[in-house]
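J.: Residue numbers (my numbering), protein chains in the order written: chain A, 647 to 837; chain B, 202 to 648.
For every residue, glycine included, the Cβ atom is placed at its ideal position computed from N, Cα and C.
#1: Run through DSSP, which three-state label would residue 631 of chain B get?
#2: Distance check for residue 604 of chain B and residue 229 of chain B, CA to CA, integer angstroms please.
#3: Chain B partners of residue 820 of chain A, CB-CB under 8 Å?
#4: Helix, strand or coil for residue 238 of chain B per DSSP?
#5: With burial defined as no fewer than 16 other Cβ atoms inside 10 Å of the residue's Cβ, what is the status of residue 251 of chain B: buried or exposed?
#6: Alpha carbons only, please: which of A:790, A:668 and A:677 is nearest the one belonging to residue 778 of chain A?
#7: Less than 7 Å between the C-beta atoms of residue 710 of chain A and residue 661 of chain A, yes or no?
#8: Quick check on the burial criterion: 16 or more other C-beta atoms within 10 angstroms. Buried or exposed for residue 658 of chain A?
#9: Starting from the C-beta of residue 446 of chain B, find all residues in its chain whose C-beta is less than 7 Å away, skip the five residues before and the five after it, and write them out in chain order.
#10: Can you give the Cα-Cα distance for residue 760 of chain A and residue 493 of chain B, rounded to whole angstroms?
#11: Do residue 806 of chain A and residue 687 of chain A have their CB atoms nearer than 7 Å?
#12: Compute the Euclidean distance between the alpha carbons of residue 305 of chain B and residue 333 of chain B, then round it to the nearest angstrom.
#13: What runs of the alpha helix (DSSP H), each 4 residues or longer, lie entirely inside the segment 314-394 of chain B?
#14: Interface residues of chain A around residue 421 of chain B at Cβ under 8 Å?
#15: Distance check for residue 300 of chain B and residue 369 of chain B, CA to CA, integer angstroms please.
#16: Rank B:537, B:568, B:480 and B:615 by C-alpha distance to the C-alpha of residue 700 of chain B and give the top, closest one.
#17: Output the distance between the C-alpha atoms of residue 714 of chain A and residue 741 of chain A, rounded to the nearest integer angstrom.
#18: Give me the subset of the segment 248-265 of chain B whose CB atoms are less than 8 Å from a CB atom of chain A, sorted by chain position.
#19: Tell me whether residue 466 of chain B is buried or exposed, calling it buried when 16 or more other Cβ atoms sit within 10 Å of its Cβ.
#20: When you compare the CB of residue 588 of chain B with every CB in chain A, is at least one pair closer than 7 Å?
#21: Under 7 Å Cβ to Cβ from residue 738 of chain A, same chain only, skipping five residues before and after it: list those, please.
#22: Could you name the residues of the segment 306-317 of chain B whose beta carbon sits closer than 7 Å to any beta carbon of chain A, in the order they occur along the chain?
#23: Per DSSP, residue 731 of chain A is paired with what?
#24: Taking the alpha carbon of residue 788 of chain A as the point to measure from, which residue in A:723, A:706 and A:830 has its own alpha carbon closest?
#25: If the criterion is Cβ atoms closer than 7 Å, does the pair residue 755 of chain A and residue 725 of chain A meet it?
#26: For the alpha helix (DSSP H) containing residue 828 of chain A, name the first residue and the last one.
#27: In angstroms, rounded to a whole number, what distance separates the CA positions of residue 393 of chain B and residue 263 of chain B?
#28: May I have the straight-line CA-CA distance separating residue 225 of chain B from residue 523 of chain B, to the nearest angstrom?
#29: From the DSSP output, which residues share a beta bridge with residue 770 of chain A?
#30: Can you confirm whether the segment 399-415 of chain B touches the segment 479-493 of chain B when touching is taken to mean that 3 or more C-beta pairs between the two stretches lie within less than 8 Å?
#31: Going along the chain, which residues of its own chain have a beta-carbon closer than 8 Å to the beta-carbon of residue 650 of chain A, five neighbours each way excluded?
#32: Exposed or buried, what is residue 638 of chain B when buried is set at 16 or more other beta-carbons lying within 10 Å of its beta-carbon?
#33: Could you check where the beta strand (DSSP E) with residue 404 of chain B kicks off and where it finishes?
#34: Assuming residue 809 of chain A and residue 677 of chain A are in contact, meaning their beta carbons sit under 8 Å apart, how far apart are those beta carbons, in whole angstroms?
#35: Do you know whose CA, among A:665, A:832 and A:776, lies nearest residue 817 of chain A's CA?
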């Protein structure tokens, strides 16, 4: 009797384990298939994760947003930050709010420290949820060299991100507007 | 029967049998009956143990291999394939564990091996999903999700190996989270997930190897967690916490064991004694006692309101718990050593408030130098009284460490230090030679 109870609980635990892995897949697939596409400027470097292998760590060129008037943004609390497509085709961030925006693309993020800028406007520091671009263990260091090793100084790197209902998922890493895998293949002899 | 007597005692008895037989103490039939009774059980349990250990290592290697293979990041596979690869091994490992639960529940090897495999495959699946979609954030966030998914398994699968894995990953998470400046207080309730399994083990097979292994990991976890898992906003409160923690470990360990248990089966005492020596030595330096107490509280926004209170509660509960455990659980005649080592708690209770309120350095320094000296000598004396060379050496080690630390600390010349070291060394050797001789003659007389 007791063992059947144990088995029943194990089945529940097993389903939760599957749901955590599967839920992340579904959430990401939905964002990738139906989300709106944005392009963010980045600065990559190349570290290793003990469990998940090599990746290109991504530092976003935009890492803070202004706080909307009257919004009570506090560190560690969830906030909503609108994402706006700029004239140059790259994304920028709107003013952070605490209520879910009724329309437009936005990211649901955890607020960092809130500091005033020179003009006294409140700014909130952000940690983007997509901070890593995982790559084949041979290619990740090459990608990093590709960004930093350009003849004319640094090449421009960016990521395309699909955003749906506050969830952002990285789609592709670009170097000089070329997807990273194609760029690495085309520039094989140069390196 | 074998468990309560201990495998070592049985082995000793079996090795004595031929001699007893030739000397006519037991007849051949009795010897055979004894051999049949104990021989089968020990060899059988020994084999079972080896099989279980191999099963756990098998699970570890296969699971670890899967993680490494996935960490290569296979660009060639599409997203759909990778999602399938993430879920399939997880489902397979779960089915294996379910089958073991139904049909092989009583086999430690099957249970521990399959549970270990599942624990690692969970990590591999979560990792692969993270890789495929470039989500999941830092190592900290990965370890956190892994700990949550592991938490029910030690109890549910009665698996010590997963319990050890769980505590190890939880400690790793806490360390990583502290580096990031996050709050880690939540690790305490989560760590309590191993308690049901620990209780189950202590009830069913207290002297067994699994209980000993798990207690080692719990003891080491507590040492690290007391440092990482608390806020330490009141400077110097760590002294009170660690002194109380180690005294409590020694007391509980000593109360719960038999005299003949080997070192591996006394993890709480071993960690408590070693930790005490290290902490007392640190406390014998002047530097640690300056700027101690509530007058030097660091205030910054990063600290959260609740946390210092937890620190203070822990700093009160641990020493009181140690005193209570000494009062109720220990036997004054049998447990002289634990009482002796528990002296640090009342000493701390007197010295810390003085250091904090008067900003005085010297009471703490003097008290802990004296404590090391007195406890070292008294341990040595108790060892001589009990004719136990290991206890004698422990006492001498404490005194010697105190001498070494003080001489590096002080401004005596090299010649003086050198001579002092040589004298202490000679004292060590001489005491051991004399004692082992007297133990030898005592042994011969006893025969």
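T.: Taking the definition as stated:
#1: In the three-state reduction of the DSSP assignment, residue 631 of chain B falls in the helix class, which pools H, G and I.
#2: Their Cα atoms are separated by approximately 57 Å.
#3: Neighbours of residue 820 of chain A on chain B: none; closest Cβ ~14 Å, over 8 Å.
#4: Here DSSP, grouped into helix, strand and coil, assigns residue 238 of chain B to helix.
#5: Exposed.
#6: Closest by alpha carbon: A:790.
#7: No, Cβ-Cβ distance for residue 710 of chain A and residue 661 of chain A is not below 7 Å.
#8: Under this definition residue 658 of chain A is an exposed residue.
#9: Hits under 7 Å: 423, 427 and 519.
#10: Whole-angstrom Cα-Cα distance: 32 Å.
#11: Contact check for residue 806 of chain A against residue 687 of chain A fails: the beta carbons are separated by 7 Å or more.
#12: Between the alpha carbons of residue 305 of chain B and residue 333 of chain B lies a distance of about 36 Å.
#13: Counting whole runs of 4 or more residues, the segment 314-394 of chain B contains the alpha helix (DSSP H) stretches 340-351, 354-357, 361-380 and 388-392.
#14: The contacting residues do not exist; residue 421 of chain B stays about 20 Å from chain A at best.
#15: About 27 Å.
#16: Residue 700 of chain B is absent from the model: chain B starts at 202 and stops at 648.
#17: If you draw a straight line from the Cα of residue 714 of chain A to the Cα of residue 741 of chain A, it comes to about 5 Å.
#18: From the segment 248-265 of chain B, no residue has a Cβ closer than 8 Å to chain A.
#19: For residue 466 of chain B, the number of other beta carbons within 10 angstroms of its own is at least 16, and it is reported as buried.
#20: With 7 Å as the cut-off, residue 588 of chain B does not count as an interface residue toward chain A.
#21: Only residues of its own chain outside the window of five on either side were considered, and among them 708, 730 and 732 have a CB closer than 7 Å to the CB of residue 738 of chain A, listed in chain order.
#22: Along the segment 306-317 of chain B, going in chain order, the ones with a CB nearer than 7 Å to a CB of chain A are 306.
#23: Its beta-bridge partners are A:737.
#24: Cα-wise, what sits closest to residue 788 of chain A is A:830.
#25: It is a contact, given that the beta carbons lie within the stated cut-off.
#26: Note, residue 828 of chain A: alpha helix (DSSP H), 826-832.
#27: Rounded to whole angstroms, the separation of the alpha carbons of residue 263 of chain B and residue 393 of chain B is 28 Å.
#28: One C-alpha to the other measures close to 51 Å.
#29: When beta bridges are read from the DSSP output, residue 770 of chain A appears opposite A:711 and A:760.
#30: Judged by pairs of C-beta atoms under 8 Å, the segment 479-493 of chain B does not touch the segment 399-415 of chain B, as fewer than three such pairs exist.
#31: Within the same chain, residue 650 of chain A has no close Cβ partners at all.
#32: So residue 638 of chain B ends up on the exposed side.
#33: Taken as a continuous stretch (DSSP letters only), residue 404 of chain B belongs to no beta strand (DSSP E), being part of the alpha helix (DSSP H) at 396-405.
#34: With a beta-carbon spacing of about 7 Å, residue 809 of chain A and residue 677 of chain A fall inside the 8 Å limit used to define contacts.
#35: That would be A:776, whose Cα lies nearest to the Cα of residue 817 of chain A.
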